[in-house]
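**Student:** Here it is, the structure, as structure tokens.
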Amino acid sequence: MFGESVALGFLYAPHLTPAGILEAQLNAVAGPGTYEVIDLSRSSESMSPLTATMESSLQLDPDGLVVFTGNNWNFQETDVSPYIPVPSLRARYAQALRAGGVAGVRRLGARLLEAKARHTFGRIRDIAATRSIPVVVVVPEVNLADWESRQPVVWRSGDDTARWHDHHARAMRCLATRDFAAALESAEQMLRIDDGTCPTAFRIRATAYRALGRLDDAARAARAEVDADVMPTMCYLHCPQATTLVKDALRRAASQHGFTAVDLPAVFAAHAGTALPGRRLFLDYCHLTAEGMNVAMAATASALLRRDRVADLSWQALLAAVPAVSAAPAADAVALFGAAVHSAHRLHAISGKQELVAYWCERALAAAPEIAGAMLDLIELRCSRCPPVLSPAARRNFASRHPVMLQHGLQWPNLDADLIAAICDVLERHGAPARERVSRMLVDNLAVDRSPADLATEFFRWELYETFFAEALDLDGAQHRSAYRATQPASSFCLVASGDLDIELSITARLPEIAGTGPRRGTVSIDINGAAVGDLACTHDWRAENLRVRAGLLRPGINKLTLHWPPPPPAGHAALQCAIERLERGIAADVHPVFGEVFSLMARRWLEPGDRAP
């Protein structure tokens, strides 16, 4: 079996894998030892090494090749983006943007990806033909019900960028008050502005339709969301999901080359009874639960058994006849907790991620209640002042029956506020007094009234990946910019405090200049846990301001500090033209607006004038 992290059984591997399940299912029907499934899948696999591995596998004299791929293509196999630090690629992007606008760069990305897929499957055909080896292509499905892809819109002309964000804010308010008709109206306005090139409005549609019981409409909107979240217009690091273009390319390749296709979208819809697959079959955006793996491999096993004329069993009959393959409770719990951690890290939600993160924590506790210790260990790791792997919590966890590993999100350069809150809520519901213990842990290690901190650093950002993906991945040193750049109208940070003392905020910020406009001026409003604490008058030059936060506004532990930026000026056309000119010269440029920049956001104990050093 060849493929990406889905084929590898990400979060469950090595304890439970699709290859292991497939072998068990085949031998349950054909007899023990009849089939051996060799797992050659790799996390983050891409097309070129995939075909190289397939060619090398001929040394094993295989009787069949199973290819389970496609989720990574939208990102790893696409180099059409202004944020890839290669001058020639920037220039190519600029040429397509100048000639065809945003739709033009998206068409370029689609055309190049389809050509690459044709070439790859032509190679697979040639490799298989050397030994007349049959090939099975598994067409992947993705999580449509639970996974959300919120992205900011590319610059639009005139004041359309600001209007798009206004409609987005209104849609969020409408969803919160369950006014779904109004939310759909706002989503429609967003789509008129962005021409369907941004996934956010489609997710608003999917959420509203689902709440109204219009599940088929919700499924169509969710698929449109996945299809809109493509590399040429992507700002945030998105999550690997196979688009309709990718799935159709896989189906065409199978048909053209005489391969057997296992179509998971159809299989999962029939199994779950819905066109909107979710957490029953998926741990996150594309990785499968134990049930999802068993269903996917049953469909694959059925195809192989029929090809080999061993048994004419449908996948439904095979599922009914063969006991499900599962992981041991401890491994199951760690995988489910890994889904919680992964969701906290990667989900760009329009409606909040707390419910989904808490759901996976609940599932993990149900599988093995003792994993509560691993949850608290992970929080202690986040609070550690030394390298996390050297902390007592890491040593305890590695020696336990529930070791949280790198694939589960062990290392993370961020406080993880949403995950910490979800763990505390779930443990408290199960009778464990976690909140007070965690609050004390946070205060003892991270309270700014005890040790000053710059909240603009990545550790204290509320959403670590709410930034340009080149910065998130540190492409060409982009992560080491001197300032935090806001890609949304509001930027949130974690402020840890004891709650007993007033805090001083020292903010240095600006509104970056935009080509074709005059000097920018505006007011940045600041709140803590939703309560206003002051304003900062900003211009295009750096300005510093000190604010006092009264202890009465603070709670012990994590507080949410939010900066609300003024809207971008009506200069979308000029901003894109400037970006095109820079990209044509191979120079870095942004096609998404930057609302504001923060050089530093220092938080410390407030000192009265008489207490300050002379």
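All residue numbers for the sequence shown refer to our numbering, where the first residue is 6 and numbers rise by one. For glycine and all other residues, C-beta sits at the position ideal for the given N, C-alpha and C. These numbers come from a predicted model, not from an experiment.
Just mark P614 as buried or exposed, buried being the case when its beta carbon has 16 or more other beta carbons within 10 Å.
**Tutor:** Taking the sequence shown and counting its residues from 1, one reaches residue 614 at position 609. Exposed is the call here.
**Student:** Where does the unbroken beta strand (DSSP E) through Y489 begin, and where does it stop?
**Tutor:** Here residue 489 refers to the residue found at position 484 when the sequence shown is read from its first residue. That run of the beta strand (DSSP E) goes Y489 to A491.
**Student:** Would the stretch 58-72 count as touching the stretch 561-579 if we require 3 or more Cβ pairs under 8 Å?
**Tutor:** no
**Student:** May I have the straight-line CA-CA distance separating A495 from T472, to the nearest angstrom?
**Tutor:** The residue you call residue 495 lines up with position 490 of the sequence shown. The residue you call residue 472 lines up with position 467 of the sequence shown. The alpha-carbon atoms of A495 and T472 are separated by roughly 12 Å.
**Student:** Just verifying my parser: in three-state terms, what is the DSSP assignment at G482?
**Tutor:** Indexing the sequence shown from 1 puts residue 482 at position 477. Looking at G482 - three-state DSSP - the assignment turns out to be helix.
**Student:** Are there three or more Cβ pairs, one per stretch, closer than 8 Å when the stretch 275-284 is compared with the stretch 201-221?
**Tutor:** yes
**Student:** With distances taken Cα to Cα, identify the nearest neighbour of W320 among V267, A372, L370 and H292.
**Tutor:** Position 315 of the sequence shown, counting from 1, holds the residue named residue 320. Of the candidates V267, A372, L370 and H292, the residue whose Cα lies closest to the Cα of W320 is V267.
**Student:** Let me make sure I understand the geometry here. Which of L381, V394 and E476 has the alpha-carbon closest to that of A437?
**Tutor:** Stepping through the sequence shown from its first residue, residue 437 is reached at position 432. Measuring from the Cα of A437, the nearest candidate turns out to be L381.
**Student:** Please check the pair H262 and R123, which I expect to be a contact at CB under 8 Å, by giving their CB distance rounded to whole angstroms.
**Tutor:** As a first step, residue 262 must be located in the sequence shown, where it is residue number 257. As a first step, residue 123 must be located in the sequence shown, where it is residue number 118. Rounded, the Cβ-Cβ distance is 10 Å, inconsistent with contact.
**Student:** Taking just the CA atoms, how far does T39 sit from S348?
**Tutor:** Residue numbering aside, residue 348 sits at position 343 when the sequence shown is read from its first letter. Residue numbering aside, residue 39 sits at position 34 when the sequence shown is read from its first letter. About 39 Å.
**Student:** Leaving aside the five residues before and after L581 along the sequence, list all residues of the same chain whose C-beta is less than 6 Å from its C-beta, in chain order.
**Tutor:** Residue mapping note: residue 581 aligns to position 576 of the sequence shown, counting from 1. Sequence-distant partners of L581 (beyond 5 residues in either direction) whose C-beta falls short of 6 Å from its own C-beta, in its chain, are W160.
**Student:** Specify whether the stretch 363-379 and the stretch 390-397 touch according to this definition: at least 3 beta carbon pairs, one from each stretch, less than 8 Å apart.
**Tutor:** Touching, no.
**Student:** What are the boundary residues of the beta strand (DSSP E) that S496 is part of?
**Tutor:** Taking the first residue of the sequence shown as position 1, residue 496 is located at position 491. Its beta strand (DSSP E) spans residues A495 to A502.
**Student:** Cα separation between L420 and T74?
**Tutor:** Here residue 420 refers to the residue found at position 415 when the sequence shown is read from its first residue. Here residue 74 refers to the residue found at position 69 when the sequence shown is read from its first residue. When rounded, the distance between both Cα atoms is 33 Å.
**Student:** Classify E230: buried if its beta carbon has 16 or more other beta carbons within 10 angstroms, exposed otherwise.
**Tutor:** For the purposes of this step, residue 230 is taken as residue 225 along the sequence shown, with counting starting at 1. That one is buried.
**Student:** Pairs of beta-carbons, one from the stretch 474-492 and one from the stretch 425-439, closer than 8 Å: are there three or more?
**Tutor:** no
**Student:** Starting from the C-beta of D151, find all residues in its chain whose C-beta is less than 8 Å away, skip the five residues before and the five after it, and write them out in chain order.
**Tutor:** Indexing the sequence shown from 1 puts residue 151 at position 146. Excluding residues within five positions, the ones whose Cβ falls inside 8 Å are G283, R284, F287 and L361.
**Student:** Alpha carbons only, please: which of D171, G25, Q30 and G8 is nearest the one belonging to M59?
**Tutor:** The residue given as residue 59 occupies position 54 in the sequence shown. Comparing Cα-Cα distances from M59 to each of D171, G25, Q30 and G8, the minimum goes to G8.
**Student:** Using the C-alpha atoms, what's the distance from H350 back to G343?
**Tutor:** Here residue 343 is taken as the residue at index 338 of the sequence shown, counted from 1. Here residue 350 is taken as the residue at index 345 of the sequence shown, counted from 1. If you take the alpha carbons of G343 and H350, they lie about 10 Å apart.
**Student:** Helix, strand or coil: which one does DSSP assign to G75?
**Tutor:** Working through the sequence shown from its first residue, we reach residue 75 at position 70. Here G75 sits in coil by DSSP.
**Student:** Which two residues bound the contiguous alpha helix (DSSP H) that contains S53?
**Tutor:** As a first step, residue 53 is located in the sequence shown; it is residue number 48 there, counting from the start. Element bounds for S53: M52 to S61.
**Student:** Any idea which residues DSSP pairs E602 with across the strands?
**Tutor:** Here residue 602 corresponds to residue number 597 of the sequence shown, with the count starting at 1. In the DSSP output, where bridge partners are listed per residue, E602 has R490 and R515.
**Student:** Under 8 Å by Cβ, that's how I've got P573 and F600 pegged, so tell me the actual separation to the nearest angstrom.
**Tutor:** Stepping through the sequence shown from its first residue, residue 573 is reached at position 568. Stepping through the sequence shown from its first residue, residue 600 is reached at position 595. So it is a contact: roughly 6 Å between Cβ atoms.
**Student:** May I ask you to report which of helix, strand or coil DSSP gives M607?
**Tutor:** Counting from 1 along the sequence shown, the entry for residue 607 is found at position 602. M607: strand per DSSP, three-state reduction.
**Student:** Tell me the DSSP bridge mates of G527?
**Tutor:** As a working mapping, residue 527 is identified with position 522 in the sequence shown. DSSP, once it has assigned bridges, lists C543 as partnering G527.
**Student:** How would you call G163, buried or exposed, if buried means at least 16 neighbouring beta carbons within 10 angstroms?
**Tutor:** Position 158 of the sequence shown, counting from 1, holds the residue named residue 163. Flag for G163 reads exposed.
**Student:** Short check: CB of L149 to CB of A477, under 8 Å?
**Tutor:** The residue given as residue 149 occupies position 144 in the sequence shown. The residue given as residue 477 occupies position 472 in the sequence shown. Going by C-beta atoms, L149 is not nearer than 8 Å to A477.
**Student:** Since H347 is in the alpha helix (DSSP H), which residue starts that stretch and which ends it?
**Tutor:** On the sequence shown, position 342 is the one that residue 347 refers to. Its alpha helix (DSSP H) spans residues P334 to R351.
**Student:** Rounded to whole angstroms, what's the CA-CA distance from T202 to T238? Just pull it up for me.
**Tutor:** In the sequence shown, counting from the first residue as 1, residue 202 sits at position 197. In the sequence shown, counting from the first residue as 1, residue 238 sits at position 233. Their Cα atoms are separated by approximately 7 Å.
**Student:** Locate the beta strand (DSSP E) running through N419, then write down its first and last residues.
**Tutor:** Reading the sequence shown from its first residue, position 414 is the one you call residue 419. Run containing N419: none; DSSP gives neither H nor E here.
**Student:** For P619, does the count of other Cβ atoms within 10 angstroms reach 16, so buried, or fall short, so exposed?
**Tutor:** Along the sequence shown, read from residue 1 onward, the residue named residue 619 stands at position 614. With a pLDDT of 40 at P619, under the threshold of 50, the modelled position of that residue is not reliable, and the figure given next carries that caveat. Exposed.
**Student:** Exposed or buried, C291, counting other C-beta atoms within 10 Å across all chains shown (16 or more means buried)?
**Tutor:** Reading the sequence shown from its first residue, position 286 is the one you call residue 291. Classification for C291: buried.
**Student:** Sort out for me which residues DSSP pairs I563 with in a bridge.
**Tutor:** Within the sequence shown, numbered from 1, the residue matching residue 563 stands at position 558. V501.
**Student:** When DSSP labels each residue in this structure, what does T265 get in the three-state scheme?
**Tutor:** Reading the sequence shown from its first residue, position 260 is the one you call residue 265. Strand.
**Student:** Label Q412 either buried or exposed according to how many other C-beta atoms from any shown protein chain fall within 10 Å of its C-beta, with 16 as the threshold for buried.
**Tutor:** By one-based count along the sequence shown, residue 412 stands at place 407. Its Cβ being crowded by 16 or more others within 10 Å, Q412 is buried.
**Student:** Kindly confirm or deny that the stretch 139-148 and the stretch 293-309 touch, where touching means at least three C-beta pairs closer than 8 Å.
**Tutor:** yes
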